Amino acid sequence: MDLKMDKGKIAAQCGHATLEVYKKAKRSQPEYVHRWKQLGQTKIAIKVPDETQLLELQQTAKKLGVPAAVIQDAGRTQVAPGSRTVVGLGPAPVSVMDQLTRSFKLL
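Heads up, the working numbering is the position in the sequence shown plus 56, with the first residue counted as 1.
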């Protein structure tokens, strides 16, 4: 189901996810964070078709040891309270991130 968020809302949700996953990564995978910083802090945005796949992506990431954070919206603007809007992933080695994201289209 498309949440029909406008570009600004998507950007804000991605910002929340970036911060959350970065905090997790600093605790659980500090070597990934260090390497990611050295290599220019690459980021990509992909689109998943529905919430089920968003949650599956999070679970797959966790199984692979990749930091992951799903963001649930407060519901004050465009989406219903508790809506899962984005998942932040990484940082992690490029080969692992490619494995996680290659089947999805870029946003």
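The beta-carbon is built from N, C-alpha and C at its ideal position, and this holds for glycine as well. On a predicted model such as this, the values are computed, not experimentally measured, just so you know.
Query: Flag M153 as yes when its Cβ comes closer than 7 Å to any non-hydrogen atom of the ligand ZN, and as no otherwise.; Result: Of the ligands one can find in the structure shown there are none, so the ligand ZN has no counterpart to examine.
Query: Distance check for L162 and K63, CA to CA, integer angstroms please.; Result: 14 Å
Query: Where do the N-terminal and C-terminal ends of the beta strand (DSSP E) with V152 fall, by residue?; Result: Where V152 is concerned, there is no enclosing beta strand (DSSP E), although the alpha helix (DSSP H) it sits in stretches over 150 to 157.
Query: I'd like the list of long-range same chain contacts for T116, defined as Cβ closer than 7 Å, with 5 residues on each side in sequence excluded.; Result: L156
Query: Which residue wins for smallest C-alpha separation from C70, given the options W92, K99, V150, P137?; Result: K99
Query: Report yes if the C-beta distance between A130 and L145 is below 8 Å; otherwise report no.; Result: no
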